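A.B. asks: Every position in the sequence shown, counted from 1, becomes a number in this note's numbering once 133 is added.
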Amino acid sequence: MKRLIIADVKSNNNHGKNTGHYLAVAQNYLDLYSDCCEVKVAGGPIFKTHFSAKDMFLLPYDFIPSVNWLKSKWRVLMNCRYLFKHIGSNDVIVLQHSGASTTLLGIAFFANKRNNINLIQYDTDAASSLSKRMIFKLARHKIKSILCPNQSVADTYGLPSCIVTDYIYPKDKYENYGLYENKKYDIAIVGSICTDKGVMEAAKILAKTNYKIVIAGKADKQLADELHEICDKAKNIELHIGFINDDDYYGYIRNTRFCVLNYHGVYEDRSSGVVLDILFNGSPIIGHRCKALNFISTSNVGYLFDDIKEVNFHDIINKEKYESYQKGIREYLDTQKNYKRRVIKFLRLNK
134 MKRLIIADVK SNNNHGKNTG HYLAVAQNYL DLYSDCCEVK VAGGPIFKTH
184 FSAKDMFLLP YDFIPSVNWL KSKWRVLMNC RYLFKHIGSN DVIVLQHSGA
234 STTLLGIAFF ANKRNNINLI QYDTDAASSL SKRMIFKLAR HKIKSILCPN
284 QSVADTYGLP SCIVTDYIYP KDKYENYGLY ENKKYDIAIV GSICTDKGVM
334 EAAKILAKTN YKIVIAGKAD KQLADELHEI CDKAKNIELH IGFINDDDYY
384 GYIRNTRFCV LNYHGVYEDR SSGVVLDILF NGSPIIGHRC KALNFISTSN
434 VGYLFDDIKE VNFHDIINKE KYESYQKGIR EYLDTQKNYK RRVIKFLRLN
484 K
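1) So, helix, strand or coil for G221, using DSSP?
2) When the Cα atoms are used, what is the spatial distance from S294 to S278?
3) Would you be able to state if there are at least three C-beta pairs under 8 Å between the segment 453-473 and the segment 421-441?
4) Does the count of Cβ pairs from the segment 353-368 and the segment 410-423 closer than 8 Å reach three?
5) Please classify H447: does DSSP put it in a helix, a strand, or coil?
6) Going straight from the alpha carbon of R208 to that of F180, what length do you get?
7) Can you tell me whether A186 is buried or exposed? The criterion is at least 16 other CB atoms within 10 Å of its CB, across all chains shown.
8) Determine the DSSP secondary structure at R475, reduced to helix, strand or coil.
9) Rounded to the nearest angstrom, how far is the Cβ of V225 from that of N249, given a contact under 8 Å?
10) From which residue to which residue does the alpha helix (DSSP H) around F269 run?
11) Would you call H421 buried or exposed, if buried means 16 or more other Cβ atoms sit within 10 Å of its Cβ?
12) Measuring only the C-alpha atoms, how far is K203 from G176?
13) Would a C-beta distance cut-off of 7 Å place L271 and A241 closer than the cut-off?
14) Spatial neighbours of G375 within its chain, please: C-beta separation below 7 Å, excluding the five flanking residues on both sides.
15) How would you label S144, buried or exposed, when you count the other beta carbons within 10 angstroms and need 16 or more for buried?
16) Report the residue ranges of all alpha helix (DSSP H) runs contained in full by the segment 153-185; include only those spanning at least 4 residues, in chain order.
17) State the DSSP-derived secondary structure class of I346, mapped to helix, strand or coil.
18) Comparing C-alpha positions only, which one of I301, K345 and N395 sits nearest to I326?
19) Can you tell me whether Q229 is buried or exposed, with buried defined as 16 or more other CB within 10 angstroms of its CB?
20) Using only the alpha-carbon positions, how far apart do L252 and M211 sit?
21) If you follow the alpha helix (DSSP H) that S430 is part of, which residue opens it and which one closes it?
22) Contact between the segment 138-157 and the segment 189-198 is defined here as three or more beta-carbon pairs at a separation below 8 Å; is this criterion met?
23) Since I believe C169 is in contact with L482 (beta carbons under 8 Å), could you give me their beta-carbon distance rounded to a whole number of angstroms?
24) Is it right to say N398 is buried, meaning 16 or more other beta carbons lie within 10 angstroms of its own, or is it exposed?
25) To which residues of the same chain is M76 closer than 8 Å at the C-beta, ignoring the five residues directly before and after it?
26) Check the DSSP bridge columns for I377 and list the partner residues they point to.
27) Report yes if the CB atom of K473 is closer than 7 Å to the CB atom of L165, and no otherwise.
28) In whole angstroms, what is the alpha-carbon distance linking I268 and V286?
29) Using the C-alpha atoms, what's the distance from R214 back to R390?
30) Please list the terminal residues of the continuous beta strand (DSSP E) segment that includes M189.
31) Would you mind reading off the limits of the beta strand (DSSP E) that contains A321?
32) Which residues in the same chain have their Cβ closer than 7 Å to the Cβ of R475, if we skip the five residues on either side of it in sequence?
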């Protein structure tokens with residue numbers, strides 16, 4: 134029986150928290166593929182906060198941002214060395230998109246051609262400069278394939294590719310998270326907060342409405358101060374700045390009628406795990422029209438706008454539209470079964 138190892142060789146440990154979607158992706162692989170092969174989660178000690186010993190392939194180190202840059206990079210490389218040294222000939226390794234260039238160096242230095250190494254790549258950043266392309270070239274002949282969200286990313290790396298969403302709905306049937314009238318919020322904006330996510334612009338507009346809003350996520354001090362300046366004066370906005378645990382994060386999504394994603398800049402082209410979190414937990418999306426969100430409209434799982442200033446929220450936030458988008462979400466999640474089958478076939482997990 135093959136063994137699938139989903140590995141995060143960086144294993145970011147930010148004051149005892151693993152920020153990003155690395156734990157969620159690892160859990161997703163456990164949920165999806167344990168019925169066809171043995172699945173192990175490879176990660177540093179921070180992963181023990183989420184996974185039991187029986188599910189783990191423990192790596193020696195976490196990446197700690199407060200540690201000096203050189204030592205942090207060395208830890209990622211040593212995790213690569215440990216992983217590639219201790220895997221078996223029948224193991225399929227999927228490396229998470231984490232510390233991309235350092236991970237590629239680790240592959241170049243420590244992997245061998247017999248290792249079945251597959252990379253998750255959400256964007257083209259690992260080939261965005263001459264130095265990064267040189268690092269990728271060093272590792273390329275030791276990489277078997279890429280798992281990525283679109284053909285553009287696949288074409289950039291020029292390796293055999295499996296095009297799938299960032300992670301895949303693991304349930305056989307859609308789980309309903311409540312009726313429109315029972316939701317606590319009209320709109321939620323959740324996840325890490327940065328300039329290119331357009332949260333500030335959305336908050337300014339939504340503060341002038343009567344909708345009940347929740348904004349929750351980690352932000353740097355400047356953005357946090359600016360958001361407090363807006364939201365503390367608005368009686369309709371509930372603001373939570375800082376790290377959000379999974380219970381609260383998914384709770385906000387499940388208890389809102391719609392989620393807003395006002396993506397700009399770098400987020401216009403890259404795939405987003407937050408989008409899938411929202412849909413997997415039953416909330417339609419109101420989003421800025423861009424490559425990353427085009428499927429929202431074509432799949433009828435939400436509404437896309439060109440400029441949030443021109444959005445008529447009254448025409449969108451109502452029971453009729455909500456139920457129409459719920460139908461689209463159910464149909465979209467049903468197609469996710471095809472992605473699971475695609476990955477199993479591509480990685481030859483049932484051979």
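Cβ atoms here follow ideal geometry from the backbone N, Cα and C, with glycine treated the same way. Predicted model, so just to flag it, every value in this text is computed and none were measured.
C.D. replies: With the structure as the only source:
1) Assignment of G221 by DSSP, reduced to helix, strand and coil, places it in the coil class.
2) Distance from the CA of S294 to the CA of S278, rounded to the nearest whole angstrom, comes to 6 Å.
3) Touching, yes, given that three or more Cβ pairs across the two stretches are closer than 8 Å.
4) Taking 8 Å as the limit for Cβ pairs, the verdict is that the segment 410-423 does not touch the segment 353-368.
5) Correct three-state label for H447: helix.
6) Counting only the Cα atoms, F180 lies some 15 Å from R208.
7) Classification of A186: exposed, given that the 10 Å Cβ count is below 16.
8) Looking at R475 - three-state DSSP - the assignment turns out to be helix.
9) About 5 Å separates the two Cβ atoms, so the contact holds.
10) Note, F269: alpha helix (DSSP H), L263 to R273.
11) Counting the other CB atoms within 10 Å of its CB gives H421 a total of 16 or more, which places it among the buried residues.
12) According to the sequence as given, residue 203 is Leu; it is not Lys. Going by the C-alpha atoms only, they are around 20 Å apart.
13) Contact flag set, yes.
14) Closer than 7 Å at Cβ, skipping near neighbours: K351.
15) By the beta-carbon neighbour count (other beta carbons within 10 angstroms, threshold 16), S144 is buried.
16) For the segment 153-185, whole alpha helix (DSSP H) runs of length 4 or above, ordered along the chain, are 155-166.
17) Secondary structure of I346 (DSSP, three-state): strand.
18) Ranking I301, K345 and N395 by Cα distance to I326 puts N395 first.
19) The residue is buried, with at least 16 neighbouring Cβ atoms inside 10 Å.
20) Counting only the Cα atoms, M211 lies some 18 Å from L252.
21) Looking at the DSSP string, the run of the alpha helix (DSSP H) that includes S430 is N427 to T431.
22) The segment 138-157 is in contact with the segment 189-198.
23) Sure, about 5 Å apart at Cβ, within 8 Å.
24) Reading off the sequence shown, one finds Gly at residue 398, where the question assumed Asn. Around the beta carbon of G398, fewer than 16 other beta carbons sit within 10 angstroms, so the residue counts as exposed.
25) Only positions 134 to 484 of the chain appear in the structure, and residue 76 is not among them; the question remains open.
26) None, per the DSSP bridge assignment.
27) Yes.
28) The alpha-carbon separation between I268 and V286 amounts to approximately 17 Å.
29) R390 and R214: Cα-Cα distance of roughly 47 Å.
30) First-last of the beta strand (DSSP E) with M189: M189 to L191.
31) Membership of A321 in the beta strand (DSSP E) is indicated by the continuous run Y318 to V323.
32) Excluding the 5 residues flanking it on each side, R475 has same chain C-beta neighbours closer than 7 Å at C295 and V297, in chain order.
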